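Residue numbers (the numbering used here): 623 to 696. All C-beta atoms, glycine included, are put in the ideal place defined by N, C-alpha and C. Source: prediction; values computed, not measured.
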């Protein structure tokens, strides 16, 4: 089956998030909870992974906050 493996960021398979239903595959599955709870957990997990990824990338590249203001000469 295509796209039924859970993604590390969201914790859910891409096909399940896109089509909003659970697909059958060769691995037995446990019934899922309410979709609104799953959506909130997925969004929270995605935001946290994006936050930590940005923090790591900024530290790795030694990024600094800019001092540019509107109307400033550059």
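Inset, instruction - Between the Cα of residue 646 and those of 627, 690, 675, 674, spot the shortest distance and give me the residue it belongs to. - result: For the purposes of this step, residue 646 is identified with residue 24 of the chain shown, where counting begins at 1. Minimum Cα distance to residue 646 is reached at 627.
Legend entry - Backbone CA spacing between residue 697 and residue 681 [nearest angstrom]: With the chain covering only 623 through 696, there is no way to say anything about residue 697.
Legend entry - Continuous alpha helix (DSSP H) stretch holding residue 635: start and end: By 1-based counting over the chain shown, the position of residue 635 is 13. For residue 635, there is no enclosing alpha helix (DSSP H), as DSSP gives it neither H nor E.
Legend entry - Of the residues 634, 693, 625, the one placed nearest residue 663, counting alpha carbons only: Taking the first residue of the chain shown as 1, we reach residue 663 at position 41. Comparing Cα positions, the closest option is 634.
Inset, instruction - Pull up the distance between the alpha-carbon of residue 668 and that of residue 631, whole angstroms please. - result: Position 46 of the chain shown holds residue 668. Position 9 of the chain shown holds residue 631. When rounded, the distance between both Cα atoms is 6 Å.
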